[in-house]
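Engineer:
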Amino acid sequence: MREMAGKLIDAIKDKGECEFIRAFGEQMPVRIFLELMGMADDDLEKFRNWADMIVHDRARRGQAMREVKAFLEEQIAEHRANPRPGTLVSDVIDFKADDRPFTDEEVMGTVFLLFIGGLDTVVSSLTFHFRYLAEHPEAQKLLREDPAKIPDAVEELFRAFPVVTTGRIVSADTDIFGVTMKKGDMVAGSTLLSTSDPEEFENPEKIDLGRSPNRHNAFSFGPHRCLGSHLARREIQVAIDEWLKRIPEFSVEPGFEPETLGGGVMGMKELRLVWAPRQDRVPRAG
Ligand code: HEM
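Taking our numbering, the leading residue of the sequence shown gets 27, the next gets one more, and so forth.
#1: Over the uninterrupted beta strand (DSSP E) stretch that includes Val-190, give me the two end residues.
#2: Using the beta-carbon count (16 or more within 10 Å), is Ser-313 buried or exposed?
#3: Starting from the C-beta of Lys-95, find all residues in its chain whose C-beta is less than 8 angstroms away, skip the five residues before and the five after it, and write them out in chain order.
#4: Going by CA-CA distance only, name the one from Asp-124, Lys-39, Pro-55, Phe-245 that's closest to Ala-265.
#5: Would you say the beta carbon of Ile-316 is closer than 8 angstroms to some non-hydrogen atom of the ligand HEM?
#6: Could you tell me if His-250 is buried or exposed, where buried requires 16 or more neighbouring beta carbons within 10 angstroms of its beta carbon?
#7: Given the structure, does Asp-192 come close to the ligand HEM, in the sense that its CB is under 8 angstroms from one of the ligand's heavy atoms?
#8: By how many angstroms is the C-alpha of Asp-124 removed from the C-alpha of Pro-173?
#9: Closer than 8 angstroms to a non-hydrogen atom of the ligand HEM - does that hold for the CB of Pro-177?
#10: So what does DSSP say about Gly-312, is it helix, strand or coil?
#11: Relative to the ligand HEM, is the shortest distance from any of its heavy atoms to the C-beta of Pro-230 smaller than 8 angstroms?
#12: Give every residue of the same chain whose Cβ lies closer than 8 angstroms to the Cβ of Leu-114, excluding the five residues on either side of it in the sequence, and list them in chain order.
#13: Is Arg-270 near the ligand HEM - that is, is its Cβ less than 8 angstroms away from at least one heavy atom of it?
#14: At a cut-off of 8 angstroms, would you count His-31 as near the ligand HEM, judging by its Cβ distance to the nearest heavy atom?
#15: Taking all protein chains shown into account, decide if Gly-312 is buried (16 or more other Cβ within 10 angstroms of its Cβ) or exposed.
#16: Pick out whichever of Leu-145, Ile-119, Ala-31, Ala-37 has its Cα sitting closest to the Cα of Lys-72.
#17: Closest to Phe-50 by CA distance: which of Gly-32, Asp-67, Glu-226, Ala-66 is it?
#18: From the DSSP output, in three-state form, read off Lys-295 for me.
#19: Any idea if Arg-157 is buried or exposed, counting beta-carbon neighbours within 10 angstroms, 16 or more meaning buried?
#20: Starting from the Cα of Ala-300, find the closest Cα among Asp-40, Met-27, Gly-210, Arg-28 and give me that residue.
#21: Please go through the same chain and pick out, in chain order, the residues whose beta-carbon is closer than 7 angstroms to the beta-carbon of Ser-116, but skip the five residues on each side of it.
#22: Tell me, please, whether the segment 193 to 210 touches the segment 226 to 238 by the rule of three or more beta-carbon pairs shorter than 8 angstroms.
#23: Are the CB atoms of Arg-298 and Glu-43 nearer to each other than 9 angstroms?
#24: Report back the beta-carbon spacing between Asn-243 and Glu-181 to the nearest angstrom; my notes put them in contact at under 8 angstroms.
#25: Can you list, in chain order, the residues of its chain with a C-beta nearer than 6 angstroms to that of Pro-159? Leave out the 5 residues immediately preceding and following it.
#26: Here's the rule I'm using: 16 or more other beta-carbon atoms within 10 Å means buried, otherwise exposed. How should Asp-68 be labelled?
#27: Would you report the Cα separation of Arg-74 and Lys-122, rounded to the nearest angstrom?
#28: Is the beta carbon of His-242 within less than 8 angstroms of some heavy atom of the ligand HEM?
#29: Sorted by chain position, which residues of the same chain lie with C-beta nearer than 6 angstroms to Ala-186's C-beta, five sequence neighbours on each side aside?
Structure follows, in structure tokens:
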């Protein structure tokens, strides 16, 4: 992870500016994830487009789902023919549920969920976290001077900018706090609301990078708790650490207004960042 993040940042650090998502935000997590899955990264753009269509574009969601399914069917067949233990696709094929092998449908369902869960969520989280840092030079300074504070800071940024809204289907007629829900209704569980609950978090509207305890549920909880949370945490911690080591104080490009995207996974269209390129930096005294 460190090597990949370092290479991507080295490629832009002397430019003094970047569109964060294209230059870094989507490159690092998607490349790492494809490697874990045992997939080639030469079709990075295609993967990103699919993820974008499925998560943010209702009209083209069906088409993208069919294309992804066809692609994953090929991948699964390839891994069945030439197993590569230690990659996620081969390992899912080998999974057992109560001592019976996964059915073809279960293999496809699991690989699909891993594929779609890992592509967009980390990109979006990284983008919100970096926007916050770009708008708060004092936070950059704090973490640059003491990188040991990065893990707690990342937890607080997960709490402040949880990107996933979970969905559930009501299984029986019920009444919760006076709201009637009928069997079959769809319910959205907003992680943004629950991570702002004043009964759980003191001054929830304030971002406190050292907040402790911090029992946020940006990764949900219960049996469907995010399977990729440890990977996502690690990626974002490493990304911030490696970025702050290489890039001087950075900010959002003056006049640029980031446009955010709603839906099941919140996101941002673009994030334009600027910093002083190497030749413009004031030389250090001595
Ligand atoms: C910051 C990044 C991420 C966030 C905020 C996030 C958030 C979530 C949330 C809230 C859920 C629960 C959904 C529900 O209850 O309906 C979930 C489930 C899941 N996530 Fe993530 N996720 C992230 C990254 C990842 C990554 C990197 C992977 C894959 C490696 C992943 C794989 C999954 C899977 C497979 C599930 C479904 C678990 C199940 O239903 O049993 N996620 N995620």
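Cβ coordinates follow ideal geometry from the N, Cα and C atoms, glycine included. These numbers come from a predicted model, not from an experiment.
Structural biologist: Short version:
#1: No beta strand (DSSP E) holds Val-190; DSSP gives it neither H nor E.
#2: Since the first residue of the chain shown is 27 and the last is 312, residue 313 is not available in this structure.
#3: Met-134, Phe-138
#4: Pro-55
#5: Residue numbering for the chain in the displayed model covers 27 to 312; residue 316 lies beyond these limits and cannot be assessed.
#6: exposed
#7: Checking the displayed sequence, the identity of residue 192 turns out to be Thr instead of Asp. Within the cutoff, so yes.
#8: 44 angstroms
#9: no
#10: Unreliable placement is indicated for Gly-312, whose pLDDT of 45 sits below 50; the coordinate value is still reported in the next sentence. Three-state result, Gly-312: coil.
#11: no
#12: Leu-62, Met-63, Gly-64, Val-137, Leu-140
#13: According to the sequence as given, residue 270 is Leu; it is not Arg. No, Cβ of Leu-270 sits at least 8 angstroms from all heavy atoms of the ligand HEM.
#14: The sequence shown places Ala at residue 31, not His. False, no ligand heavy atom lies under 8 angstroms from that Cβ.
#15: Confidence at Gly-312 is low in this model, with a pLDDT of 45, below 50, so its placement is unreliable and the value that follows should be read with caution. Classification of Gly-312: exposed, given that the 10 Å Cβ count is below 16.
#16: Leu-145
#17: Gly-32
#18: coil
#19: buried
#20: According to the sequence as given, residue 300 is Val; it is not Ala. Closest by alpha carbon: Asp-40.
#21: Gly-64, His-105, Pro-109, Arg-110
#22: no
#23: yes
#24: In fact, because the Cβ distance is near 12 angstroms, the residues do not count as touching under 8 angstroms.
#25: The residue you asked about is not Pro; residue 159 is Leu in the sequence shown. Contacts found: Ala-165, Gln-166.
#26: exposed
#27: 30 angstroms
#28: no
#29: Ile-233
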